[in-house]
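For the sequence shown, my numbering gives the first residue as -18, with consecutive numbering after it.
Below: one structure, written as structure tokens.
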Amino acid sequence: MVQQLTRLDTDKIRPDFPILKREINDRPLIYLDNAATTQKPQSVIDALSHYYTTMNANIHRGLHTLAEESTTAYEAVRQQVATFIHAGSAREIVFTRNTTESLNLLAYSLGSRLKAGDEILLTEMEHHSNLVPWQLLAQRSGARLVYLDVDDEGKLSMDQAHELMGPRTRIVSVVHMSNVLGTINPVSELAEMARSVGATMIVDAAQSVPHMPMDVSTLGADYIAFSAHKMLGPTGVGVLWGREELLEDLDPFLGGGEMISVVTREESSWAALPHKFEAGTPNIDAVIAFGPALTYLSLLGMRNVQEHSRDLIGYAMDQIGGLEGIQIYGPSDPAEHGAVCAFNYLDIHPHDISTIVDKYGIAIRAGHHCAQPLHRRLETPATARASFYIYNRKDEIDSLVAALREAAAVFGHEGS
Ligand SMILES: Cc1ncc(COP(=O)(O)O)c(C=O)c1O
-18 MVQQLTRLDT DKIRPDFPIL KREINDRPLI YLDNAATTQK PQSVIDALSH YYTTMNANIH
42 RGLHTLAEES TTAYEAVRQQ VATFIHAGSA REIVFTRNTT ESLNLLAYSL GSRLKAGDEI
102 LLTEMEHHSN LVPWQLLAQR SGARLVYLDV DDEGKLSMDQ AHELMGPRTR IVSVVHMSNV
162 LGTINPVSEL AEMARSVGAT MIVDAAQSVP HMPMDVSTLG ADYIAFSAHK MLGPTGVGVL
222 WGREELLEDL DPFLGGGEMI SVVTREESSW AALPHKFEAG TPNIDAVIAF GPALTYLSLL
282 GMRNVQEHSR DLIGYAMDQI GGLEGIQIYG PSDPAEHGAV CAFNYLDIHP HDISTIVDKY
342 GIAIRAGHHC AQPLHRRLET PATARASFYI YNRKDEIDSL VAALREAAAV FGHEGS
């Protein structure tokens, strides 16, 4: 386990991630697809196995020792999440399956309050998970979707936000850090505007919570959503944070076991927060193994994680940006650009780029990254994307640049 560090030391971090010892196509793995999901430290992998080896039991139900141990371990992680994001209490932390489910929960449960003519304000840079649930709600309720445009630098206009927010705006739901552009949006400013018109402010924090300190007590949002798997934790665990008084007032999303207080043949009343939002047996093992992931990041320090991300994206934009025929999307100032670098290179299709660099052991992603409206705005069907995390080093970016030069050669662009 890492010691408290003032800066990230990748030489100390990398041995904690067994998958980084793998070779792909006889080359050491260079994993640059962290915006899709991150790799897991040994402590997280061990926690999964430890859970099944020593304490597997359903939670919140049994009175036997195993049930009490697993319940205690599960609830301890809820408290850890609350501390990690500076929530007022663990009652404000709802475990879901992922960011997508957290946002669907909100769209469903807030939806009953919307009527025809109400407006839901989104941005053109949303991931489909913060777009499709609102489209479904708009179809159900007759509410209208309104979009903030993305400018040529990949940013939003606060002037346009002022213009678009008004008495009809009921919900504002905005991504904190774009998974394509890397843009870090001024969500606190947007939250203030939302509050001034009486709208609910939701932040898709899937890419921001893993990369920067998060303090929901000062953010200004009403709800945020994020996923454990993008911050060293297992898949199958998402978080919905909401202000306690708002969650109290919100109807449940799914009905079933463990989310009730009293059930009669006709009706039911709900369990106390946060359990009224957690119907059925949850992803117990994965929630428990999320604990060591949070511990790992806390020991590194989220300011250091953020500094490391900034250092890598600055270097990547310099080095990848130095290739002739490259177009990098998003803000040109690395200080405003999260740790994702989406690009197009010459006339090579991003899928071909991804396939060629994989031959050098390098994992990047290619496609629309679940952001088709944004790609339409960028006038390209697809981009290639390298995204970084705590274990990545600058020499891995050098290897990507070398592999991109090879890709150019394969496609007949000698000397690019
Ligand atoms: C900005 C953003 N929002 C939402 C999601 C959805 O996350 P999940 O697939 O864990 O639900 C992602 C995943 O890539 C994302 O990058």
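The beta carbon of each residue, even a glycine, is placed where N, CA and C say it ideally should be.
Going straight from the alpha carbon of glycine 295 to that of valine 190, what length do you get?
-> Taking the first residue of the sequence shown as position 1, residue 295 is located at position 314. Taking the first residue of the sequence shown as position 1, residue 190 is located at position 209. Here the alpha carbons of valine 190 and glycine 295 stand approximately 20 Å from one another.
Burial state of tyrosine 341 (16 or more Cβ within 10 Å) = Counting from 1 along the sequence shown, the entry for residue 341 is found at position 360. Residue burial is scored here from C-beta neighbours: tyrosine 341 has at least 16 other C-beta atoms within 10 angstroms and is therefore classed as buried.
Same chain, Cβ closer than 6 Å to alanine 270, neighbours up to 5 away in sequence not counted | On the sequence shown, residue 270 is found 289 positions in, with the first residue counted as 1. Val25, Ala28, Leu29, Pro215, listed in sequence order.
Which runs of the beta strand (DSSP E), 3 residues or longer, sit entirely within the region 131 to 179?
-> Annotation note: the region 131 to 179 contains the following uninterrupted beta strand (DSSP E) runs of length 3 or greater, listed N- to C-terminal: 150 to 156.
For glutamine -15, which residues from the same chain have a beta carbon less than 6 Å from its beta carbon, with the 5 sequence-adjacent residues on both sides left out?
-> On the sequence shown, position 4 is the one that residue -15 refers to. Because glutamine -15 sits at a pLDDT of 48, beneath the cut-off of 50, its placement in the model cannot be relied upon, and the point is left open.
Using only the heavy atoms of ligand 3, determine whether one of them is closer than 7 Å to the beta carbon of aspartate 133.
-> For ligand 3, the structure offers nothing, since it holds only ligand 1.
Just the Cα atoms here: how many angstroms apart are phenylalanine 207 and isoleucine 378?
-> Counted from its first residue, the sequence shown places residue 207 at position 226. Counted from its first residue, the sequence shown places residue 378 at position 397. Cα to Cα, the separation comes out at about 27 Å.
Spatial neighbours of serine 93 in its chain, beta-carbon cut-off 7 Å, leaving aside the 5 residues before and after | Here residue 93 is taken as the residue at index 112 of the sequence shown, counted from 1. Asp232.
Assess, as a yes-or-no matter, whether the region 247 to 256 is touched by the region 69 to 77 under the definition of 3 or more beta carbon pairs within less than 8 Å.
-> At 8 Å Cβ cutoff, the stretches touch.
How close, in whole Å, do the beta carbons of aspartate 99 and alanine 124 come, if the pair is a contact with beta carbons under 8 Å?
-> On the sequence shown, position 118 is the one that residue 99 refers to. On the sequence shown, position 143 is the one that residue 124 refers to. Contact holds; Cβ gap of about 4 Å.
8 Å Cβ cutoff met for isoleucine 337 and valine 391 | Here residue 337 is taken as the residue at index 356 of the sequence shown, counted from 1. Here residue 391 is taken as the residue at index 410 of the sequence shown, counted from 1. Yes; because the gap between Cβ atoms is below 8 Å, this pair is in contact.
To the nearest angstrom, how far is it from the Cα of valine 62 to the Cα of valine 382?
-> Indexing the sequence shown from 1 puts residue 62 at position 81. Indexing the sequence shown from 1 puts residue 382 at position 401. One C-alpha to the other measures close to 37 Å.
With a floor of 4 residues, list each alpha helix (DSSP H) that falls wholly inside the region 28 to 84, ordered by position along the chain.
-> Residue ranges of uninterrupted alpha helix (DSSP H) with 4 or more members, entirely inside the region 28 to 84 and ordered along the chain, are 46 to 65.
Where asparagine 37 and glycine 272 are concerned, what is the direct C-alpha to C-alpha distance, given to the nearest angstrom?
-> Start at 1 with the first residue of the sequence shown, and residue 37 comes out as number 56. Start at 1 with the first residue of the sequence shown, and residue 272 comes out as number 291. Distance from the CA of asparagine 37 to the CA of glycine 272, rounded to the nearest whole angstrom, comes to 16 Å.
Can you tell me which of the three DSSP states alanine 323 falls into?
-> The residue given as residue 323 occupies position 342 in the sequence shown. Alanine 323 falls in the strand class under three-state DSSP.
Cβ-heavy atom distance, asparagine 160 to ligand 1, below 7 Å = Within the sequence shown, the letter at position 179 stands for residue 160. Under cutoff, so the answer is yes.
Spatial neighbours of proline -1 within its chain, please: CB distance less than 8 Å, with the 5 preceding and 5 following residues excluded, ordered by chain position.
-> Taking the sequence shown and counting its residues from 1, the one referred to as residue -1 is at position 18. Around proline -1: Gln23, Ile26.
Cβ separation of aspartate 130 and valine 155, assumed to be a contact under 8 Å, to the nearest whole Å = Within the sequence shown, numbered from 1, the residue matching residue 130 stands at position 149. Within the sequence shown, numbered from 1, the residue matching residue 155 stands at position 174. Contact doesn't hold; Cβ gap of about 13 Å is too wide.
Among Leu1, Lys(-7), Ala17, which has the Cα closest to the Cα of alanine 320?
-> Translated into the one-based positions of the sequence shown, residue 320 becomes position 339. The candidate whose alpha carbon is nearest that of alanine 320 is Ala17.
With hydrogens ignored, establish whether the beta-carbon of threonine 19 is closer than 7 Å to any heavy atom of ligand 1.
-> Here residue 19 corresponds to residue number 38 of the sequence shown, with the count starting at 1. Taking 7 Å as the cut-off, the C-beta of threonine 19 does not count as close to any heavy atom of ligand 1.
If you follow the alpha helix (DSSP H) that serine 198 is part of, which residue opens it and which one closes it?
-> Here residue 198 refers to the residue found at position 217 when the sequence shown is read from its first residue. In the DSSP assignment, serine 198 falls within the unbroken alpha helix (DSSP H) covering 197 to 200.
Ligand 1 heavy atoms versus the CB of glutamine 188: any closer than 7 Å?
-> Position 207 of the sequence shown, counting from 1, holds the residue named residue 188. Glutamine 188 Cβ: within cutoff of ligand 1.
Near ligand 1: cysteine 351 beta-carbon under 7 Å from a heavy atom | Against the sequence shown, residue 351 aligns to sequence position 370. Indeed, a heavy atom of ligand 1 lies less than 7 Å from the Cβ.
Please name the residue, chosen from Gln188, Gly393, Asp339, Ala88, that lies closest to valine 286 on a Cα-to-Cα basis.
-> Indexing the sequence shown from 1 puts residue 286 at position 305. Ranking the options by Cα distance to valine 286, first place goes to Gln188.
So does histidine 108 have its beta carbon nearer than 7 Å to some heavy atom of ligand 1?
-> Position 127 of the sequence shown, counted from the start, is the residue given in the question as residue 108. Yes, Cβ of histidine 108 sits closer than 7 Å to a heavy atom of ligand 1.
Determine, using beta-carbon pairs with one atom in the region 344 to 363 and one in the region 216 to 232, whether at least three such pairs fall under 8 Å.
-> Between the region 344 to 363 and the region 216 to 232, the count of Cβ pairs shorter than 8 Å is below three; the stretches do not touch.
Under 8 Å, do aspartate 203 and methionine 182 count as touching if we go by C-beta distance?
-> If you number the sequence shown from 1, residue 203 lands on position 222. If you number the sequence shown from 1, residue 182 lands on position 201. Note that the C-beta distance between aspartate 203 and methionine 182 is below 8 Å.
beta-carbon asparagine 15 near ligand 1 non-hydrogen atom, thresh 7 Å = The residue labelled residue 15 in the question sits at position 34 within the sequence shown. Not so, every heavy atom of ligand 1 lies at least 7 Å from the Cβ.
When Leu44, Ser51, Gln20 are compared against threonine 34, the one with the closest alpha-carbon | Within the sequence shown, the letter at position 53 stands for residue 34. Among Leu44, Ser51, Gln20, the Cα nearest to that of threonine 34 belongs to Ser51.
For alanine 57, count neighbouring C-beta atoms within 10 Å of its own C-beta (all shown protein chains included) and say buried if the count is 16 or more, exposed if not.
-> What you label residue 57 is simply residue 76 of the sequence shown in a count that begins at 1. Here alanine 57 is exposed: its Cβ has fewer than 16 other Cβ atoms, across all protein chains shown, within 10 Å.
Using the C-alpha atoms, what's the distance from methionine 195 back to serine 290?
-> As a position in the sequence shown, residue 290 is number 309, starting the count at 1. As a position in the sequence shown, residue 195 is number 214, starting the count at 1. Cα atoms of serine 290 and methionine 195: separation of roughly 15 Å, rounded to the nearest angstrom.
Segments of 4+ residues assigned as alpha helix (DSSP H) that fall wholly inside the region 182 to 270 = Complete alpha helix (DSSP H) runs here, min 4: 197 to 200, 225 to 230.
What's the gap between the Cα of arginine 116 and the Cα of glutamate 82?
-> Here residue 116 refers to the residue found at position 135 of the sequence shown. Here residue 82 refers to the residue found at position 101 of the sequence shown. According to the sequence displayed, residue 116 carries glutamine and not arginine. Whole-angstrom Cα-Cα distance: 15 Å.
Would DSSP call proline -4 helix, strand or coil?
-> Numbered from its first residue, the sequence shown carries residue -4 at position 15. Here DSSP, grouped into helix, strand and coil, assigns proline -4 to helix.
Find the nearest neighbour of isoleucine 301 within the set Thr80, Arg284, Cys322, Ala119, judged by alpha-carbon distance.
-> The sequence position of residue 301 within the sequence shown is 320, counting from 1. Isoleucine 301 has its Cα closest to that of Cys322, out of Thr80, Arg284, Cys322, Ala119.
Should threonine 19 go down as buried or exposed, given a rule of 16 or more other Cβ atoms within 10 Å for buried?
-> As a first step, residue 19 is located in the sequence shown; it is residue number 38 there, counting from the start. Its Cβ being crowded by 16 or more others within 10 Å, threonine 19 is buried.
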